[in-house]
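Participant:
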Amino acid sequence: MLLPLTGPGVLTSDDGRRFVAFRVDDGPRGWRVTDAACPHNKGPLDQGWVRDGHTVVCPWHWYRFDLDTGECETSPQHVLGVYPVVDVDGVPHADVGAPPAPQSWAERLRAHARGQS
Numbered sequence: 001m002l003l004p005l006t007g008p009g010v011l012t013s014d015d016g017r018r019f020v021a022f023r024v025d026d027g028p029r030g031w032r033v034t035d036a037a038c039p040h041n042k043g044p045l046d047q048g049w050v051r052d053g054h055t056v057v058c059p060w061h062w063y064r065f066d067l068d069t070g071e072c073e074t075s076p077q078h079v080l081g082v083y084p085v086v087d088v089d090g091v092p093h094a095d096v097g098a099p100p101a102p103q104s105w106a107e108r109l110r111a112h113a114r115g116q117s
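For the sequence shown, counting from 1, position 86 maps to 86 in the UniProt record's numbering; every step adds exactly one.
#1: What does DSSP give as the partner residues of residue 71 in its beta bridges?
#2: Mind reading off the beta-carbon distance from residue 89 to residue 28? Whole number of angstroms is fine, and I expect it under 8 Å.
#3: Drop a sphere of 10 angstroms on the beta-carbon of residue 53, count the other beta-carbons inside from all chains shown, and report buried for 16 or more, exposed for fewer.
#4: For the beta strand (DSSP E) that residue 93 lies in, which residues bound it at each end?
#5: Less than 8 Å between the beta carbons of residue 75 and residue 40, yes or no?
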């Protein structure tokens with residue numbers, strides 16, 4: 001699924017998933033797109049800030065994530081979803097992939113018990 005990037009901020013896909021677009025540099029390769037929620041405790045990354053052009057800092061607990069790889073510089077167990085940006089007829093688009101397959105109630109409960117909900 002491709003989402004057009006019209007400016008920095010929150011993007012919402014047709015299936016309800018939320019992402020954040022960051023403009024880290026001028027030019028066609030200056031966009032970075034991540035999940036909207038921090039994987040640590042679901043903090044709103046659109047309210048965070050970008051350091052050094054390649055790291056986003058969560059405003060809740062100051063966890064730092066590499067905008068290219070999604071790796072957490074603060075705690076390696078947390079990984080932020082990052083998405084490629086492609087050019088479609090001169091307009092940058094985030095390629096956020098297909099929506100995840102629906103989960104059964106049992107799968108949802110197991111994920112919740114693991115702290116992944």
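All C-beta atoms, glycine included, are put in the ideal place defined by N, C-alpha and C.
This structure is a prediction, so every number in the text was calculated from the model and none was measured.
Facilitator: Considering the structure as presented:
#1: For residue 71, which the question treats as bridged, DSSP gives the partners 79.
#2: About 13 Å; that fails the 8 Å criterion.
#3: exposed
#4: First-last of the beta strand (DSSP E) with residue 93: 91-95.
#5: yes
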